[in-house]
Every structure is written in C-alpha cells, then in structure tokens.
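Participant: Under this note's numbering, the residues of the sequence shown are numbered 1 to 313, in order.
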Amino acid sequence: MSEKKMIATREGFGKEIVALGKENPDILVVDIDIGKSCKTGEFRKELPDQYINVGIAEQNGAGVAAGLATCGKIPFVVTYAVFGSLRMCEMIRQEICYPNLNVKIACSHGGVTPANDGASHQAIEDMGVLRTIPNMTVIMPADYNSARKLVRQAAEVYGPVYLRFTRDAIPQIYDEDVEFTIGKAHQIQDGKDVVIIANGDTVRLAIEAAKVLEGKGISARVLDMHTIKPLDVEAVTAAINEVGKIITVEDHNILNGLGSAVCEVAAEMGKGIVKRVGIQDQFGQSAPYERLLAMNGVTVENITEIAETLVKG
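1. Who are P171's beta bridge partners in DSSP?
2. Pairs of beta-carbons, one from the region 262 to 277 and one from the region 234 to 247, closer than 8 Å: are there three or more?
3. Out of V78, C263, S286, K216, point me to the one whose CA is closest to K312's CA.
4. Let me confirm a value: A307 is counted as buried when at least 16 other C-beta atoms fall within 10 Å, else exposed. Which label applies?
5. Quick check: what's the CA-CA separation for R87 versus A198?
6. Is G111 near D26, with beta carbons less than 7 Å apart?
7. Assign C97 to one of three DSSP states: helix, strand, or coil.
8. The beta strand (DSSP E) with I306 in it runs from where to where?
9. According to DSSP, is K184 helix, strand or coil?
10. Using 7 Å as the threshold, is the C-beta distance between T166 and A294 below it?
11. Under three-state DSSP, which class holds C263?
12. Could you compute how far the alpha carbon of S2 sits from the alpha carbon of I32?
13. Leaving out five residues on either side along the sequence, give the residues of the same chain with a beta carbon under 6 Å from the beta carbon of S120.
14. Can you tell which of T202, V138, L231, A287 has the C-alpha that lies nearest to the C-alpha of E301?
15. Which of helix, strand or coil does DSSP assign to G12?
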C-alpha cells in the first residue's frame, strides 16, 4: 500500500484522459463548461482539436457525445455527478444506452463531497439511478492510481460507462503497479470473521476499521468493489459462503447503491447477513464533508461497532 498522499480521484481522471487522448485521436472530451473543477484544463491545452465545450447544457452534451460515438469517436462527457446522472438521465437512457453507444460519462463531485455546496450539488442517488439502465457500467475508484487504471479500462471497453470521482483529496491507497479489472472486486486483505465491502472514498474507512478490528481480535476481509455494475457476484458469493457476515460502506444512498446490490445477491442465495452503512435516505446540507459522513454513520467507529455486534452474534 502506498504512503497516504492526499489527492482527489478527479486528478487521476484529468491525468489519464490526457495520456489517452495523446495515444488515440478518437478520444474526445465533451465538457459541460466546468473543466477547471473536473480537471480537463490540461486536455484542452494539450489537445484542443479533441476538446468540445458545449456550455452549461448537459442534455445537449449527451446528444453531442452520442452523435460523435456513431462516427467512431470515444467521447467522455465531463460534468458534476448530480448533473451527469440526473439532468442527463433521459438522454443517457434514450440516446446512449438504448443504442449501446460507446460514450463515457465522467463525473466529479460524487456523493456528498460537494459538502459546502449543499444538497443541490450532492449526488447521493447517481449510481443507483444509472445502474438500473441496461448496458450501463458503473464505476467508482478508491484513489488516484485506481482512478487512472479504471479510466483507461473504461476507454478500452466498448459501451456506456459512468465514472464517479471525488472532489476532495483522499488518501492514496494503491501503488502504481496494482492492476484492476472492471467488474472484478479488488481484495485488499483477507479475513474470516467479517467482510467489509466498500467503494470510492469509503475504502479508506474500511481499511481503517479493519485495523481497529484486528486490535480487538477480529479478522476482517476488505473488498474494494469499484464496479457496482456489473457487480462481482463471484466475490460477493464467496464472502457470503466463506464468512457470512457482510458490511457495505458507501458515500451514496443506502437504497439502490452498493449495499442494495450486495443484498440482492444475498437474497437470491437465501443466506448471509448484510448491514449497510451509507447515506440514510436523506438529503445533505452545507457542512464539512467528514461531518456529513458522520451524520449518516459513515465512520470508522460505526463500521467497527457493527462488525463487533455481527461477530458476537
């Protein structure tokens, strides 16, 4: 594991999209006029002929990207998560996913990371909405290095992909040489008493909770479920069969996000206990990011307490 350098996953996107664009002239950025926040400024500077700014017009951006994809291009529509998932939703469904076009939706400010901007800018339902649309892949990297790797994979696989990034700087978890595969969970550590499944920024909380639990004699398996669609059903099935006690952790509504996806597997298996940690089906407010997480129980302390209760039975 890397030293805990603090850097936002949106920075990883900004770095990798430039590298991809230089390698492949068919890769384009369709910017919704927020390039500074979403880290497309370097792409615009280095590759101006592959950069399109459609202005603050999310639906139009989706349509432009769909048209470009029919011409063999690989467009990345770039905006905030709340707008890229909700304001664009009908166009994503009708113009991108229904014809299964090769469009990537790359969104910063996922979850409650737009903390002080308030509920209007906090995307707590984005992955849940988009994972229900056929043909869509939904990804949230845990750190800078995994963001770079997963952005590259998203560019290389055909079809619609939603990539969700953090606004805030978060700890760098992975070394540069760690490999990731879309649709396959990354196991950070093994354990026999409880399994903690997280994605995005909450992976760091899962790792910290596992360390606390180790000090209490509890062995925790930690999975980075960076892709919630297609979900790594094999990894979830193994967790249920081998351990049986699962905690999911996410910066997303507990309804229809990572926790729900894991619960669906458990329900079909008819076994296992799943406890969901995440946004408690309530809108956020203007407050510091860590406080918003704490208000919803998305903390190391809460994860640890739930794990202890599960293990004690």
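Ideal Cβ positions, reconstructed from N, Cα and C, are used throughout, including at glycine.
The structure displayed is predicted, hence computed values, not measured ones.
Facilitator: Taking the structure as given:
1. The sequence position of residue 171 within the sequence shown is 171, counting from 1. Beta-bridge pairing links P171 to M6.
2. yes
3. By one-based count along the sequence shown, residue 312 stands at place 312. Here the closest residue by C-alpha is K216.
4. Position 307 of the sequence shown holds residue 307. Its Cβ being crowded by 16 or more others within 10 Å, A307 is buried.
5. Counted from its first residue, the sequence shown places residue 87 at position 87. Counted from its first residue, the sequence shown places residue 198 at position 198. Taking the straight line from one Cα to the other gives about 27 Å.
6. The count along the sequence shown starts at 1 and reaches residue 111 at position 111. The count along the sequence shown starts at 1 and reaches residue 26 at position 26. Against a cut-off of 7 Å, the Cβ pair of D26 and G111 comes out as no contact.
7. Taking the sequence shown and counting its residues from 1, the one referred to as residue 97 is at position 97. C97 falls in the helix class under three-state DSSP.
8. Residue mapping note: residue 306 aligns to position 306 of the sequence shown, counting from 1. Careful: I306 lies outside any beta strand (DSSP E), inside the alpha helix (DSSP H) at 300 to 312.
9. Residue numbering aside, residue 184 sits at position 184 when the sequence shown is read from its first letter. DSSP places K184 in strand when its eight states are reduced to three.
10. Numbered from 1 along the sequence shown, position 166 holds the residue referred to as residue 166. Numbered from 1 along the sequence shown, position 294 holds the residue referred to as residue 294. For T166 and A294, no; Cβs fall outside 7 Å.
11. For the purposes of this step, residue 263 is identified with residue 263 of the sequence shown, where counting begins at 1. In this structure, C263 counts as helix in the three-state DSSP scheme.
12. The count along the sequence shown starts at 1 and reaches residue 2 at position 2. The count along the sequence shown starts at 1 and reaches residue 32 at position 32. Note that S2 scores a pLDDT of 45, beneath 50, so its modelled location is shaky and nothing firm can be said.
13. To locate residue 120, count along the sequence shown from 1; it is residue 120. Within the same chain, S120 has no close Cβ partners at all.
14. Reading the sequence shown from its first residue, position 301 is the one you call residue 301. Nearest option by C-alpha distance: T202.
15. The residue labelled residue 12 in the question sits at position 12 within the sequence shown. Note: G12 maps to helix in three-state DSSP.
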